[in-house]
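J.: First the structure, then my questions, so here it is.
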Amino acid sequence: MTRRIYGSSVTSADPLPETTLDELVDRARGLAAKGGRRILGVVGTPGSGKSTVSAALLDALGDSAALVGMDGFHLGQQELARLARADRKGAPDTFDTDGYTALLARLRAQRPGDADIYAPVFDRSLEEPIGSSAPVPADVPLVITEGNYLLLDGGGWQGVRPLLDEAWFVHVTQAERRRRLVARRLSYGHPHGAAEHWVDHVDEPNARIVEATAARADLVVALARLDAQPHPLTSTSQGPTPTPQGDPR
Numbered sequence: 001m002t003r004r005i006y007g008s009s010v011t012s013a014d015p016l017p018e019t020t021l022d023e024l025v026d027r028a029r030g031l032a033a034k035g036g037r038r039i040l041g042v043v044g045t046p047g048s049g050k051s052t053v054s055a056a057l058l059d060a061l062g063d064s065a066a067l068v069g070m071d072g073f074h075l076g077q078q079e080l081a082r083l084a085r086a087d088r089k090g091a092p093d094t095f096d097t098d099g100y101t102a103l104l105a106r107l108r109a110q111r112p113g114d115a116d117i118y119a120p121v122f123d124r125s126l127e128e129p130i131g132s133s134a135p136v137p138a139d140v141p142l143v144i145t146e147g148n149y150l151l152l153d154g155g156g157w158q159g160v161r162p163l164l165d166e167a168w169f170v171h172v173t174q175a176e177r178r179r180r181l182v183a184r185r186l187s188y189g190h191p192h193g194a195a196e197h198w199v200d201h202v203d204e205p206n207a208r209i210v211e212a213t214a215a216r217a218d219l220v221v222a223l224a225r226l227d228a229q230p231h232p233l234t235s236t237s238q239g240p241t242p243t244p245q246g247d248p249r
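Following this line, the structure appears as structure tokens:
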């Protein structure tokens, strides 16, 4: 397998050269400047830092970009219970893939003068998606969408990749990923043993699925250090203002 890093090819056995957020911002700004509506997919395993990268891009690009998260298409808790999938929430078949793909198609077709399109967000305090919470104005040239499964070629996800102008895969080592994921579960108030069990039996199997899709990305990046950033698409039950998730996603 080869991975393209700003025009260079490296084998999967090679260490990835480190990339700065400034380099990614410049590339995203260039994509936005091409004209028309462009969609950038930021992909990675749980705990890779993809949400932190996406938030940094949104902050740098300002009114030139909008952010739509895959997490807004989590199936609701009641539906997960009905399907007997609540104990592995976050797996590929625990999302409304058709709804997500349809929204991306609408965003591609949106033109200046059209009405805003509303995307759902995921309420971390409720563990539920909240519909029509993130407006995407028609005059925004770049939509950034981030999530785990944007590059999957089956299970209902295969319609996503063709809708992306570019897809970036955010790489992280397994050890660092696990550290972040355990810390995240602890921040939710889970006991340490339960946090490790969830990471080992839910997050890590999902991460292996996601890692296998990296070859479908236009760019694979490794960032040495990610400072925790507010996640613009995670709300709380106290109001519509987005709040941080804590650990880089």
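The sequence shown runs 1 to 249 under full-length UniProt numbering. Using N, Cα and C, we set each Cβ at its ideal position, and we do this for glycine too.
1. With DSSP run on the structure shown, which of helix, strand or coil describes residue 250?
2. What is the DSSP secondary structure of L219, reduced to helix, strand or coil?
3. So what does DSSP say about residue 253, is it helix, strand or coil?
4. Could you check whether L67 and L80 sit closer than 9 Å to each other, using their CB atoms as the reference points?
5. Taking a contact to mean a Cβ-Cβ separation below 9 Å, would you say V136 touches D116 in this structure?
6. Under the three-state reduction of DSSP, which class applies to T102: helix, strand or coil?
7. Should L83 be labelled buried (16 or more other beta-carbon atoms within 10 Å of its own) or exposed?
8. Among all the DSSP beta bridges, which residues are the ones paired with I117?
9. By Cβ distance, which residues of its chain are closer than 7 Å to G131, with the 5 residues on each side in sequence left out?
10. For the ligand GDP, any of its heavy atoms closer than 8 Å to the Cβ of G76?
11. Report the rounded CA-to-CA distance for Q158 versus A105, giving the unit in angstroms.
12. Taking only runs of the alpha helix (DSSP H) that begin and end inside the segment 145-200, which ones reach a length of at least 4 residues, in chain order?
13. To the nearest angstrom, report how far apart W168 and A217 are at their CA atoms.
14. Please report the residue range of the alpha helix (DSSP H) in which G30 lies.
15. Using 9 Å as the threshold, is the C-beta distance between V172 and G49 below it?
16. Give the secondary structure of R38 by DSSP, where H, G and I count as helix, E and B as strand, and everything else as coil.
17. Look up L83 in the DSSP assignment and say whether it is helix, strand or coil.
T.: According to the structure data:
1. Nothing in the structure corresponds to residue 250, since the chain is present only between 1 and 249.
2. Reading the sequence shown from its first residue, position 219 is the one you call residue 219. L219: strand per DSSP, three-state reduction.
3. With the chain represented from 1 up to 249, any question about residue 253 goes unanswered, as that position is not in the structure.
4. As a working note, residue 80 is residue 80 in the sequence shown. As a working note, residue 67 is residue 67 in the sequence shown. No, the Cβ-Cβ distance between L80 and L67 is not below 9 Å.
5. Residue 136 sits at position 136 when you count from the first residue of the sequence shown. Residue 116 sits at position 116 when you count from the first residue of the sequence shown. Contact: yes.
6. Translated into positions along the sequence shown, residue 102 becomes position 102. The sequence given here has Ala at residue 102, not Thr. If DSSP states are grouped into helix, strand and coil, A102 belongs with the helices.
7. Translated into positions along the sequence shown, residue 83 becomes position 83. Answer is exposed; the Cβ neighbour count stays below 16.
8. Within the sequence shown, numbered from 1, the residue matching residue 117 stands at position 117. According to DSSP, residue pairing for I117 in a beta bridge involves V136.
9. As a working mapping, residue 131 is identified with position 131 in the sequence shown. P120.
10. Of ligands this structure carries none, so the ligand GDP is not represented either.
11. Position 158 of the sequence shown holds residue 158. Position 105 of the sequence shown holds residue 105. Cα-Cα distance, rounded: 13 Å.
12. 174-187 and 192-198
13. Your numbering for residue 168 matches position 168 in the sequence shown. Your numbering for residue 217 matches position 217 in the sequence shown. W168 and A217: Cα-Cα distance of roughly 6 Å.
14. The residue given as residue 30 occupies position 30 in the sequence shown. Where G30 is concerned, the enclosing alpha helix (DSSP H) stretches over L21 to A32.
15. For the purposes of this step, residue 172 is taken as the residue at position 172 of the sequence shown. For the purposes of this step, residue 49 is taken as the residue at position 49 of the sequence shown. Yes.
16. Along the sequence shown, one-based indexing puts residue 38 at 38. Looking at R38 - three-state DSSP - the assignment turns out to be strand.
17. The residue you call residue 83 lines up with position 83 of the sequence shown. DSSP, reduced to helix, strand and coil, places L83 outside both helices and strands of the structure shown, so it counts as coil.
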